[in-house]
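Report on the structure given below.
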Amino acid sequence: MQLSRNILPNIPYQQGLVLPSPLVFTYPEKVLQFGTGVFIRGLIDYYINNSNNQGGFKGRVVMVKSTAAGNAETFNQQDNLYTLVMKSVTEGEELEKKVICAAISRTIDASYDWESVLACAANADMQIIISNTTEAGITLIDNDPVTAFPPVSFPAKLLSFLLARFEAFGGSAESGMVIIPTELIPGNATKLKQMLNVLAVQNQLEQQFIDWLNTHNDFCNSLVDRIVPGKLPLHEESAIQQELGYTDNLMIMSETFDLWAIETASPRTKELLAFHNENPGIHIVPDISKFRELKMRLLNGSHNLSCAIGFLAGFKTVKEAMADEQFDIFMQRLINEEIAAAIVSDTISLADAREFGKQVLDRYRNPYIAFNWLDICVQDTAKIKIRAVPVVHQHYEKYNSVPDGICLGFAAYILFMRGTADADGNFYGSLRGEEYLINDDYAARLSEKWATKQGLDLVRSVLSDEELWDADLAAFRGFASRVAFFMDNLLNYGAMYCIKSLTPFSYE
14 MQLSRNILPN
24 IPYQQGLVLP
34 SPLVFTYPEK
44 VLQFGTGVFI
54 RGLIDYYINN
64 SNNQGGFKGR
74 VVMVKSTAAG
84 NAETFNQQDN
94 LYTLVMKSVT
104 EGEELEKKVI
114 CAAISRTIDA
124 SYDWESVLAC
134 AANADMQIII
144 SNTTEAGITL
154 IDNDPVTAFP
164 PVSFPAKLLS
174 FLLARFEAFG
184 GSAESGMVII
194 PTELIPGNAT
204 KLKQMLNVLA
214 VQNQLEQQFI
224 DWLNTHNDFC
234 NSLVDRIVPG
244 KLPLHEESAI
254 QQELGYTDNL
264 MIMSETFDLW
274 AIETASPRTK
284 ELLAFHNENP
294 GIHIVPDISK
304 FRELKMRLLN
314 GSHNLSCAIG
324 FLAGFKTVKE
334 AMADEQFDIF
344 MQRLINEEIA
354 AAIVSDTISL
364 ADAREFGKQV
374 LDRYRNPYIA
384 FNWLDICVQD
394 TAKIKIRAVP
404 VVHQHYEKYN
414 SVPDGICLGF
424 AAYILFMRGT
434 ADADGNFYGS
444 LRGEEYLIND
454 DYAARLSEKW
464 ATKQGLDLVR
474 SVLSDEELWD
484 ADLAAFRGFA
494 SRVAFFMDNL
504 LNYGAMYCIK
514 SLTPFSYE
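In this note's numbering, the protein residues as written are 14 to 521.
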């Protein structure tokens, strides 16, 4: 039998499976959600579902399909129910939980039924808008008409909805919405609000509406963090469906870790977002910069300081590398000693950083999620600049040095980028006689450096290149020579030798 509301009473009790409370289906629609992807369903809708099951939020989600991806009919065939399988290992303990999520009341395809989306604007209960349209979704298309059916871009769609809201309630203060984009760009709500203001002027909307837009709607910057790979491997999905006794075309999996930091100082907003009370992973705070710094440096930064060394060491996936004791020790050093010590500030203590780092390490060790190192290496140069170069600056300012784990990470990056172009202009490196694609906008620039320089001269050329880093990293005393030392060892002895050669140390 296929998952739907009708079969819920027939699903037998089984440990580890959470069914929706029958009361959930009586709750009013309170949230308009732009995005139907696995991430928003695996985190945001999970939060709302969890709160509803405990009688907290008491509200459901209208999900808007606003891109060509996916099929709204698939959701409606299952009454918008889907199974979320959460699997992790924390401190050696395996965690698994299955939840039938019932947060979504209906799915609307904006391409064919924009009128139904706009009709939601007249619903007094609906006071929250959440989006996850990918980073490309928050893009300004000049003169995108809000009167189109529907408008082209997400910002124009949102503006069209808010205009309908303004008209439905006469521009009352109480009709203002809480708007939370979850797209992974810094200042996501600030940028979205700026785009709406530009579009409002371009569409010659009345000043009274623009004033209401800016005064009575709370645009909340937010930061989300959970790994949601989506579909399980086919054999695992089949086994779980056989175990549960039903088929589910929307089943997805995620890790158990969850984080949603929402930036607002409004008591009204916090009250409207009542689902935070049942979800300790949600943090409603006046400033989310602390959460962004922890995630950007300890998670994202460590990813891009370790991906090249993990790949060069011969590991295909993160979980495979973390199963190696020596590589695990290297990652502990990189995350909980070097990066953690670098980011200590007035708002982040060493204990804060190490607690978050401990969670990052557990997530890296998760045997149920297979991230390929080569995938993480995609556009590594740009990612290192954003995520890891600030750590280099911070560490040097505090301790007048750049530590060895970070130096090894940069050495591995430079070696990974040693490539030659094929006839089509694609760059390939070679490892143990096998070629790998260097998917990086700066592959040609690094290839040219490798062709003309070597050793310390090569390292200095890379680290001092301000086009790569917006800074002269070779100016940090001892950094270039230490990177060159590790690169020489990588070339002569290999990655695992370098990892094992690091001297243990602690900042305590």
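Where a beta carbon is used, it is the ideal one built from N, C-alpha and C, also for glycine.
8 Å contact criterion, which residue i and residue j should meet: CB distance rounded
{"i": "E351", "j": "G418", "result": "5 Å"}
{"i": "N201", "j": "N234", "result": "6 Å"}
{"i": "I198", "j": "I142", "result": "About 17 Å; that fails the 8 Å criterion."}
{"i": "D122", "j": "A149", "result": "Their Cβ separation, rounded to whole angstroms, is 19 Å, which puts D122 and A149 out of contact at 8 Å."}
{"i": "V415", "j": "F489", "result": "6 Å"}
{"i": "Y449", "j": "T394", "result": "Not confirmed; about 16 Å, so no contact."}
{"i": "L56", "j": "V237", "result": "6 Å"}
{"i": "R431", "j": "W463", "result": "5 Å"}
{"i": "A116", "j": "I61", "result": "4 Å"}
{"i": "I382", "j": "P163", "result": "Contact doesn't hold; Cβ gap of about 36 Å is too wide."}
{"i": "L318", "j": "A424", "result": "No, L318 and A424 are not in contact; Cβ-Cβ is about 11 Å, not under 8 Å."}
{"i": "S79", "j": "F167", "result": "6 Å"}
{"i": "L325", "j": "L428", "result": "7 Å"}
{"i": "K111", "j": "V165", "result": "Not quite, the Cβ-Cβ distance comes to about 39 Å (not below 8 Å), so this is no contact."}
Cβ neighbour criterion (16 or more within 10 Å) applied to residue i
{"i": "H408", "result": "buried"}
{"i": "A169", "result": "buried"}
{"i": "M76", "result": "buried"}
{"i": "G323", "result": "buried"}
{"i": "V74", "result": "buried"}
{"i": "N292", "result": "buried"}
{"i": "A364", "result": "exposed"}
{"i": "G314", "result": "buried"}
{"i": "M485", "result": "The residue asked about is misnamed: residue 485 is Asp in this sequence, not Met. It counts as exposed."}
{"i": "I49", "result": "One detail in the question is off: residue 49 reads as Thr in this sequence, not Ile. With 16 or more Cβ atoms within 10 Å of its Cβ, T49 is classed as buried."}
{"i": "L247", "result": "exposed"}
{"i": "M14", "result": "exposed"}
{"i": "F52", "result": "buried"}
{"i": "G541", "result": "Limits of the chain in this structure are 14 at one end and 521 at the other, which puts residue 541 out of reach."}
{"i": "Q91", "result": "buried"}
{"i": "G422", "result": "buried"}
{"i": "D359", "result": "exposed"}
{"i": "Y59", "result": "buried"}
{"i": "R400", "result": "buried"}
Which of helix, strand or coil DSSP assigns to residue i
{"i": "V31", "result": "strand"}
{"i": "Q91", "result": "coil"}
{"i": "C114", "result": "strand"}
{"i": "Q220", "result": "helix"}
{"i": "D470", "result": "helix"}
{"i": "V77", "result": "strand"}
{"i": "K513", "result": "helix"}
{"i": "V159", "result": "coil"}
{"i": "V44", "result": "strand"}
{"i": "Q11", "result": "The displayed coordinates of the chain run from 14 to 521. Any statement about residue 11 would go beyond what the structure contains."}
{"i": "S251", "result": "helix"}
{"i": "D122", "result": "strand"}
{"i": "M8", "result": "In the structure as shown, the chain begins at 14 and stops at 521. Residue 8 is therefore absent and cannot be evaluated."}
{"i": "F440", "result": "strand"}
{"i": "K170", "result": "helix"}
{"i": "V102", "result": "strand"}
{"i": "S129", "result": "helix"}
{"i": "V298", "result": "strand"}
{"i": "L272", "result": "strand"}
{"i": "S267", "result": "strand"}
{"i": "L153", "result": "coil"}
Any non-hydrogen atom of the ligand GDP within 7 Å of residue i CB
{"i": "G422", "result": "With respect to small molecules bound, the structure shown includes none, and the ligand GDP cannot be examined in it."}
In chain order, what are the residue ranges of uninterrupted alpha helix (DSSP H) at least 4 long that sit wholly in the region 337-392?
338-346, 363-377, 386-389
Within 8 Å, do at least three Cβ pairs link the region 230-244 to the region 268-282?
yes
Can at least three beta-carbon pairs, one atom from the region 342-357 and one from the region 382-395, be found at a separation below 8 Å?
no
Continuous beta strand (DSSP E) assignments of at least 3 residues falling wholly in the region 185-244:
191-194, 235-238
Pair every Cβ in the region 283-292 with every Cβ in the region 252-269, then say whether three or more of these pairs are closer than 8 Å.
no
Three or more C-beta pairs under 8 Å: does that hold for the region 363-377 against the region 438-445?
no
Check whether the region 158-168 and the region 211-224 are in contact - that is, three or more C-beta pairs closer than 8 Å.
yes
Under 8 Å: do the region 250-261 and the region 297-317 share three or more Cβ pairs, one atom per stretch?
no
Taking contact to mean at least 3 C-beta pairs separated by less than 8 Å, is the region 390-404 in contact with the region 463-471?
no
Inside the region 305-336 only - alpha helix (DSSP H) runs reaching at least 4 residues:
315-325, 331-335
Below 8 Å, can you find three or more Cβ-Cβ pairs linking the region 132-142 to the region 41-54?
yes
Quick one: which unbroken alpha helix (DSSP H) runs of 4-plus residues sit fully inside the region 391-436? Chain order, please.
393-400, 402-412, 417-429
In the region 474-498, which residue ranges form an unbroken beta strand (DSSP E) of at least 3 residues, counting only runs that do not cross its ends?
none
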